[in-house]
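Q: First, the structure itself, so that you have it in front of you.
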Amino acid sequence: MIVSTLFSAIAFPEIDPIIFQVGPFAIRWYALAYVAGLIIGWQLMMRFAGAEGSRISAKQVDDFLIWATLGVIFGGRLGYVLFYKPDYYLSNPGEIFMVWQGGMSFHGGFLGVVLATILYCRHKKIIILEFGDLLATVVPVGLFFGRIANFINGELYGRTTDVPWGMVFPGGGILPRHPSQLYEALLEGAVLFAILLIFRKTRYANKPGFIMGLFFAGYAVARSIVEFFREPDAYLGFLVGSLTMGQLLSLPMLIVGFYFMLRPSHKSS
683 MIVSTLFSAI
693 AFPEIDPIIF
703 QVGPFAIRWY
713 ALAYVAGLII
723 GWQLMMRFAG
733 AEGSRISAKQ
743 VDDFLIWATL
753 GVIFGGRLGY
763 VLFYKPDYYL
773 SNPGEIFMVW
783 QGGMSFHGGF
793 LGVVLATILY
803 CRHKKIIILE
813 FGDLLATVVP
823 VGLFFGRIAN
833 FINGELYGRT
843 TDVPWGMVFP
853 GGGILPRHPS
863 QLYEALLEGA
873 VLFAILLIFR
883 KTRYANKPGF
893 IMGLFFAGYA
903 VARSIVEFFR
913 EPDAYLGFLV
923 GSLTMGQLLS
933 LPMLIVGFYF
943 MLRPSHKSS
């Protein structure tokens, strides 16, 4: 069985994580993915803001880009350091800022963007829930590109498998594994984005906070499903029974998501 599985495995397409390099200066796919996610999400958000009936202006979205960027980078990195490898980075503090080596936490980036959104909306006197609905709609775009970058880096691969599309990842041993990064790109990115777009055209979009709550809950469900195929982090393993850190961190998002979806409607002011 093992021999036949090895022969049927798909070879990992070894893509150089560095697009091009001149001396010490290098452009990496990982960084490009974040830039693409931010720029495309920003453009889509400005387009939605300019739509008829929106009380958020394209100018307000434009000014928010730098806030979102800082929230993603600092929150994502800090979340990874604190949630996943605190002991390692405590012993190697100089590596905390080496984001080009990989190591970003979505849940940390999520908290960073939430904080940035609250501060920005209070500063500009914008209704937080309405701005949150707009922002939540485009977040899956960034998630899609981020997971593709994980795949290119050959990191965050899945558990061993005998499915026909199993891949042998560098650093993952000789057995084929689920390309769980692509599962996440599909569910957390493409599918969730499509769901949010569909609900934006329904009466639920008129309830401030609903789309945001749908994103929270949708991401939590998608991430929790993929975690059953993704290899748990070696330095963490399974934390509670068969639950992983990703699933435990998604539980509060699920609860908060349902709260915003089910809360009674209130007039925005």
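Using the numbering used here, you'd call the opening residue of the sequence shown number 683 and step up by one each time.
For glycine and all other residues, C-beta sits at the position ideal for the given N, C-alpha and C.
Owing to the predicted nature of the structure, the values given are computational and were not obtained by experimental measurement.
1. Quick check: what's the CA-CA separation for Ser686 versus Ala693?
2. Counting C-beta neighbours from all protein chains within 10 Å, is the total for Phe707 16 or more, i.e. buried, or is it exposed?
3. Per DSSP, what are the beta-bridge partners of Gly840 in this structure?
4. So who's on the other strand from Ala693, going by DSSP bridges?
5. On the DSSP letters alone, give me the boundaries of the alpha helix (DSSP H) that Ile880 sits inside.
6. Using the Cβ count rule (16 or more neighbours within 10 Å means buried), how would you classify Leu764?
7. Quick one: what's got a C-beta closer than 7 angstroms to Ile830's C-beta in the same chain, skipping five residues either side?
8. Checking 8 angstroms against the spacing of the C-beta atoms, do Leu878 and Leu864 come in under that value?
9. Is there contact between the stretch 900-910 and the stretch 930-944, where contact requires at least three CB pairs shorter than 8 angstroms?
10. Is it the case that the Cβ atoms of Arg841 and Met849 are separated by a distance below 8 angstroms?
11. Within 10 angstroms of the Cβ of Asp769, are there 16 or more other Cβ atoms? Answer buried if so, exposed if not.
12. Out of Arg912, Gly794, Ala733, Pro775, state which residue places its alpha-carbon closest to the alpha-carbon of Ile755.
13. Is the CB-CB distance between Gly723 and Gly814 below 8 angstroms?
14. Contact between the stretch 881-894 and the stretch 938-946: three or more CB pairs below 8 angstroms?
15. Can you tell me which of Pro775, Leu817, Asp915 puts its alpha carbon nearest to the alpha carbon of Leu726?
16. Taking Cβ positions, are Leu626 and Ala740 nearer each other than 8 angstroms?
A: Let's see:
1. Its pLDDT being 49, under 50, Ser686 is placed unreliably by the model, and the measurement read from it follows with that caveat. So the two alpha carbons sit approximately 14 angstroms from each other.
2. Burial call: exposed.
3. Arg912.
4. In the DSSP output, where bridge partners are listed per residue, Ala693 has Val850.
5. Looking at the DSSP string, the run of the alpha helix (DSSP H) that includes Ile880 is 874-882.
6. With fewer than 16 Cβ atoms within 10 Å of its Cβ, Leu764 is classed as exposed.
7. So the qualifying residues of the chain are Ala715, Ala867.
8. The answer is no: Cβ separation not under 8 angstroms.
9. Contact between the stretch 900-910 and the stretch 930-944 is established, with three or more Cβ pairs separated by less than 8 angstroms.
10. In this structure, Arg841 keeps its C-beta atom at 8 angstroms or more from the C-beta atom of Met849.
11. The residue is exposed, with fewer than 16 neighbouring Cβ atoms inside 10 Å.
12. Ranking the options by Cα distance to Ile755, first place goes to Gly794.
13. Note that the C-beta distance between Gly723 and Gly814 is not below 8 angstroms.
14. With a cut-off of 8 angstroms on Cβ pairs, the stretch 881-894 is in contact with the stretch 938-946, counting three or more such pairs.
15. Closest option to Leu726, Cα to Cα, is Leu817.
16. In the structure as shown, the chain begins at 683 and stops at 951. Residue 626 is therefore absent and cannot be evaluated.
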